[in-house]
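**Student:** Those protein sequences? They're chains A and B, same order as listed.
The numbering used here applies: residue 1 is where the first sequence begins, and numbers increase by one.
The numbering used here applies: residue 1 is where the second sequence begins, and numbers increase by one.
Note that beta-carbon positions come from the ideal geometry of N, C-alpha and C, so glycine has one too.
Can you read through this structure? Questions will come right after.
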Amino acid sequence: MSERLGIVVSGSLNKGVEVRLDSSASVEEMAVGRYVTIEGEKQRFFSMITDVSLGVIDQKLTVTPPDISDPFMAEVLAGTSTYGTLHVLPMLTIGGEVASLIEGPQPVKTVPSHFSAVNLASQRDVELVFGSEDERKFYIGTPLDMETKVCLNLEELVKRSNGVFGKSGTGKTFLTRLLLIGMLQKSKAVNLVFDMHNEYGWEGRNERGQKVKALKQLFPSRVAVFTLDEENSRHRGVSTDFVVKIGFDEIEPEDIVLLRQTLNLTGPAVEAVYQLHRRFGKNWLQEATDLKDSEETRELLKDLDIHESTFQNLKRGLATIRRLPFIEPHAPTDAVKRILEYLDRGINVVLEFGRYRDIIAYILVANMLARRIYTQYQDRTEKALGEGIAPPRPLVITIEEAHKFLNQEVASQTIFGTIAREMRKYNVTLLVIDQRPSGIDAEVMSQIGTKITCLLDNDRDIDSVLAGVSAKSELKSVLSRLESKQQALIFGHAVPMPVVVRTREYGSAESYKGFIPSEEAETRKQAEKDIEELWG
Amino acid sequence: MRLILNTAEPQRVGEVIDASTTDFTAQCYELYQSPPLGSLVKTRDLPLELYGLVYNAATTSIEPGRRPIARGKDEASEEEIYRSSPQLMKLLRSEFSALVVGHRQGDRLYHYLPPKPARIHSFVYLCPPEEVKEFSQSFDFLNMLINTRLPVSTDELIAACLRQMCQVYEDRHAFLVAAGKELAILLSGQFNQLKAILGRIRE
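Below, the structure written as structure tokens:
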């Protein structure tokens, strides 16, 4: 049964409606982000509380407040002379219109009439809006103060790039683990995770320091762990599938461009990289760093029109890269090829960085691998289109510290900028994880389909996450009031309306059970697959 | 003085001696036996029954020109005065006035003025608890009280009336809170008046 809260007294479609609370409903029990339904004459409006305020019928009350130590007085005044109001934002309409009956909840185009009754949304309403867990939908959490499941349509989710944002320590990593598991189970996409802090492949730790299982432990047959730091992985007891080594000849000028800020390179130095590459070809990095301080070198530099100090600046930068232990003159096996092999088999790849957590290694490797995978995918998709064969499996690339790749200065140059902007066509999308969304280029932000954000309190970050969303100011108040743990606001392509969820439990033995499909379901799935194969 | 409310037959308390559309005055059969301030009384003018709220009571000499004189100088107690001059009981009279707040026609109860005033010499009864309960199901009469000019303060009358009515309820508190909420809405612009009334009805 639904619980009546009050009635609509005023409002507009743009700004939302004002609801006057009944005296029986306590203002203190309301919470921003909670769902209510408004019973209009012809349809029901599924809405979210975005503000709670207090009103008095007579201004004298605020000047000479009554004696509230008298319970009788307080009880009489509550809900009559003094009352609570809710600011409620209608989001969807349920029932009524034909389209709404057939296709489910529709976006609102009007407001409920005066004095329509407002109820707390029932479990059924929430289920109707967010659906229940099925083959495509993944249970991500529950709405505030409710037991219903909020489900993300992962099939839709992976069609676009997505973002997970939030301050440090607000649960981004846990959320991302959930999303990865969801994608692994419910979508056809495969994941490539650049795992800077070694949290997604093998076990990670929660804030209390307890061990938490990660992908490979839960789905050993569907996840491969690649590592850059074999020794570290061995110490941690991770069973790795492949050790990634990178050859000098695999590094291209574009990779250096991206590292410009981190390596403290000047503009001319970056220019010089291209010239050196033109001169030496594939082996430019080795050749350039091997150049001795000799007359010959000076001649060469003069020839290439590179200033001496510029070259020194560049050389210092390149030396930093050469010192990275996983970089060798010639890599024994082609890492990209190996990664693609795994991905083609539907196995998700997590690349651990081991001890090399500094941003230089991360940017270099992620950019380099992603660029080459991008080229492969582009070729294959185009080929598939031309020849009418199946396109490659959709790929989701997960990157952390995304603002380093996607900030305004480099977004147009890095491969991640391109992927975010146009790779949807080539079946590659990004899962961007970041704590400073304001650092990400606005153009890239605008292409992100679904945003999942934990608590943010910097105004610029909030603005950049909410840019372009209708009812921005209302969501802003919701976002800045999220709890710092286990709560997230989800909005965008994969959910019918913005939703605040208490994230699903992750880390207990109980919770793992929920992820691993029961045998029965597995058998059924297998049977279906067999039938499909048999009959085509 | 506490009246016995649980009689099966309505208790007769007086007889109408003066009536208008908005109120009526009744004389009590016994001296000093007027119903308490704020109690609900009724009088009949078939097929109508008129309901009134007692807003005033007075005891005066039966002759307007003759005022009573002090007699107790040599008496030991106040009762002795009446005992030694029994004629006093016949020379004085008690009256009470009631504000008409509704009427009943057939089975239906209306919380507004009846078409005709009460008739002179019709009997006035004190309403039994069930009837008080029935009448106070709706607080429409409060609006009438607030908007009437009376020799007694409206605040006092409203408070007295609610205090009387709540006696018939098991959950007096709930009744008073509900009435208080109604008043809070009616007196939305006059918080001080509301406060005064609420102060008089809290238990």
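Based on the DSSP secondary-structure assignment, which residues constitute the bridge partners of A/Asp463?
**Tutor:** The residue you call residue 463 of chain A lines up with position 463 of the first sequence. For A/Asp463, which the question treats as bridged, DSSP gives no partner whatsoever.
**Student:** Can you tell me whether DSSP reads A/Gly449 as helix, strand or coil?
**Tutor:** Here residue 449 of chain A refers to the residue found at position 449 when the first sequence is read from its first residue. Correct three-state label for A/Gly449: coil.
**Student:** Taking the alpha-carbon of B/Ile17 as reference, which of B/Pro128, B/Phe96, B/Leu46 has the nearest alpha-carbon?
**Tutor:** Here the question's residue 17 of chain B lines up with position 17 in the second sequence. Checking every option, the nearest Cα to that of B/Ile17 belongs to B/Phe96.
**Student:** Using 8 Å as the threshold, is the C-beta distance between A/Leu152 and A/Gly171 below it?
**Tutor:** As a working note, residue 152 of chain A is residue 152 in the first sequence. As a working note, residue 171 of chain A is residue 171 in the first sequence. No, the pair does not count as a contact, with Cβ atoms beyond the cut-off.
**Student:** Have a look at B/Glu75, B/Asp155, B/Phe123 and flag the residue whose alpha-carbon is nearest the alpha-carbon of B/Gln11.
**Tutor:** On the second sequence, position 11 is the one that residue 11 of chain B refers to. Ranking B/Glu75, B/Asp155, B/Phe123 by Cα distance to B/Gln11 puts B/Phe123 first.
**Student:** By the three-class DSSP mapping on this structure, what secondary structure does A/Leu324 have?
**Tutor:** The residue you call residue 324 of chain A lines up with position 324 of the first sequence. Coil.
**Student:** Restricting to Cα atoms, I'd like to know which of B/Asn143, B/Ser138, B/Ser94, B/Glu156 is closest to B/Leu186.
**Tutor:** Residue mapping note: residue 186 of chain B aligns to position 186 of the second sequence, counting from 1. If we check each option's Cα against that of B/Leu186, B/Asn143 comes out closest.
**Student:** Cα-Cα, which of A/Ile306, A/Ile360, A/Pro325, A/Leu395 is closest to A/Gly346?
**Tutor:** Within the first sequence, numbered from 1, the residue matching residue 346 of chain A stands at position 346. Ranking A/Ile306, A/Ile360, A/Pro325, A/Leu395 by Cα distance to A/Gly346 puts A/Leu395 first.
**Student:** In its own chain, which residues sit with a C-beta less than 6 Å from the C-beta of A/Gln548, not counting the 5 before and 5 after it?
**Tutor:** Limits of chain A in this structure are 1 at one end and 536 at the other, which puts residue 548 of chain A out of reach.
**Student:** Report the partner residues of B/Tyr51 according to the DSSP bridge assignment.
**Tutor:** The residue given as residue 51 of chain B occupies position 51 in the second sequence. Answer by DSSP bridge pairing, in chain order: B/Lys42, B/Gly102.
**Student:** Going along the chain, which residues of its own chain have a beta-carbon closer than 6 Å to the beta-carbon of A/Leu192, five neighbours each way excluded?
**Tutor:** For the purposes of this step, residue 192 of chain A is identified with residue 192 of the first sequence, where counting begins at 1. These residues qualify, in order along the chain: Val349, Ile397.
**Student:** Apply the 10 Å Cβ neighbour rule to A/Asn206 and answer buried if 16 or more other Cβ atoms are within range, or exposed otherwise.
**Tutor:** Position 206 of the first sequence, counted from the start, is the residue given in the question as residue 206 of chain A. It counts as exposed.
**Student:** How many whole angstroms separate the CB atoms of A/Glu135 and A/Ala494, which I take to be in contact at a CB cut-off of 8 Å?
**Tutor:** Sequence index remark: in the first sequence, residue 135 of chain A carries index 135 (1-based). Sequence index remark: in the first sequence, residue 494 of chain A carries index 494 (1-based). Between A/Ala494 and A/Glu135 the Cβ distance is about 15 Å, and since that is not below 8 Å, they are no contact.
**Student:** A/Thr548 touches chain B at which residues, Cβ-Cβ below 7 Å?
**Tutor:** Chain A is shown from 1 up to 536; residue 548 of chain A falls before or after that span and cannot be answered.
**Student:** Quick one: residues in its chain with C-beta nearer than 8 Å to the C-beta of B/Thr60, no 5 flanking neighbours on either side, listed in chain order?
**Tutor:** Mapped onto the second sequence, residue 60 of chain B falls at position 60. Leu92, Arg93, Glu95, listed in sequence order.
**Student:** With DSSP as the reference, identify every bridge partner of A/Val238, one or two as the case may be.
**Tutor:** To locate residue 238 of chain A, count along the first sequence from 1; it is residue 238. A/Val238 pairs with nothing; no bridge assigned.
**Student:** DSSP on B/Arg200, reduced to helix/strand/coil?
**Tutor:** In the second sequence, the residue the question calls residue 200 of chain B occupies position 200. It is helical.
**Student:** Give the single residue among A/Leu351, A/Leu466, A/Glu147, A/Phe219 whose Cα lies nearest to the Cα of A/His197.
**Tutor:** Residue mapping note: residue 197 of chain A aligns to position 197 of the first sequence, counting from 1. The shortest Cα separation from A/His197 among A/Leu351, A/Leu466, A/Glu147, A/Phe219 belongs to A/Leu351.
**Student:** On the three-state DSSP scale, how would you describe B/Arg172?
**Tutor:** On the second sequence, position 172 is the one that residue 172 of chain B refers to. B/Arg172: helix per DSSP, three-state reduction.
**Student:** For a quick check, are the C-beta atoms of B/Leu31 and B/Val54 less than 8 Å apart?
**Tutor:** Walking along the second sequence from the start, residue 31 of chain B turns up at place 31. Walking along the second sequence from the start, residue 54 of chain B turns up at place 54. Contact: no.
**Student:** Of the residues that make up the region 478-504 of chain A, which ones have a beta carbon closer than 7 Å to any beta carbon in chain B?
**Tutor:** Within the region 478-504 of chain A, no residue qualifies.
**Student:** I'd like the ranges of any beta strand (DSSP E) spanning at least 3 consecutive residues and lying wholly in the region 197-280 of chain A.
**Tutor:** Here the runs fully enclosed are 223-227.
**Student:** Tell me which residue opens and which closes the beta strand (DSSP E) that A/Arg421 is part of.
**Tutor:** Here residue 421 of chain A refers to the residue found at position 421 of the first sequence. Premise fails: A/Arg421 lies in the alpha helix (DSSP H), 415-422, not in any beta strand (DSSP E).
**Student:** Among all the DSSP beta bridges, which residues are the ones paired with A/Asn10?
**Tutor:** Within the first sequence, numbered from 1, the residue matching residue 10 of chain A stands at position 10. In the sequence on display, residue 10 of chain A carries Ser and not Asn. Paired residue(s): A/Glu18.
**Student:** Less than 8 Å between CB atoms is the rule here; does A/Phe72 satisfy it with respect to chain B?
**Tutor:** Within the first sequence, residue 72 of chain A is the residue found at index 72, counting from 1. At least one chain B Cβ lies under 8 Å of A/Phe72.
**Student:** Where do the ends of the alpha helix (DSSP H) carrying B/Cys166 lie?
**Tutor:** For the purposes of this step, residue 166 of chain B is identified with residue 166 of the second sequence, where counting begins at 1. Segment 154-166, the alpha helix (DSSP H) holding B/Cys166.
**Student:** Using a Cβ-Cβ distance cut-off of 8 Å, determine whether A/Lys60 contacts chain B.
**Tutor:** By 1-based counting over the first sequence, the position of residue 60 of chain A is 60. So yes, A/Lys60 belongs to the interface.
**Student:** Going residue by residue through the region 371-440 of chain A, where are the continuous beta strand (DSSP E) segments of at least 3 residues, counting only ones entirely within it?
**Tutor:** With a minimum length of 3 residues, the continuous beta strand (DSSP E) runs that stay inside the region 371-440 of chain A are 395-399, 428-434.
**Student:** In chain A, which residues lie with their C-beta within 7 Å of the C-beta of B/Lys195?
**Tutor:** On the second sequence, residue 195 of chain B is found 195 positions in, with the first residue counted as 1. Chain A residues near B/Lys195: Pro66.
**Student:** Report yes or no: do three or more beta-carbon pairs, one from the region 108-115 of chain A and one from the region 4-12 of chain A, lie closer than 8 Å?
**Tutor:** Short answer: they touch.
**Student:** With 8 Å as the threshold, decide whether the Cβ of A/Ser23 is near any Cβ in chain B.
**Tutor:** Taking the first residue of the first sequence as position 1, residue 23 of chain A is located at position 23. It does: the Cβ of A/Ser23 has a partner Cβ on chain B nearer than 8 Å.
**Student:** Mind checking A/Asn313: buried by the 16 CB within 10 Å criterion, or exposed?
**Tutor:** Looking up residue 313 of chain A in the first sequence gives position 313. Its Cβ being crowded by 16 or more others within 10 Å, A/Asn313 is buried.
**Student:** Do A/Thr414 and A/Asn367 have their C-beta atoms within less than 8 Å of each other?
**Tutor:** Along the first sequence, one-based indexing puts residue 414 of chain A at 414. Along the first sequence, one-based indexing puts residue 367 of chain A at 367. Taking 8 Å as the Cβ cut-off, A/Thr414 and A/Asn367 qualify as a contacting pair.
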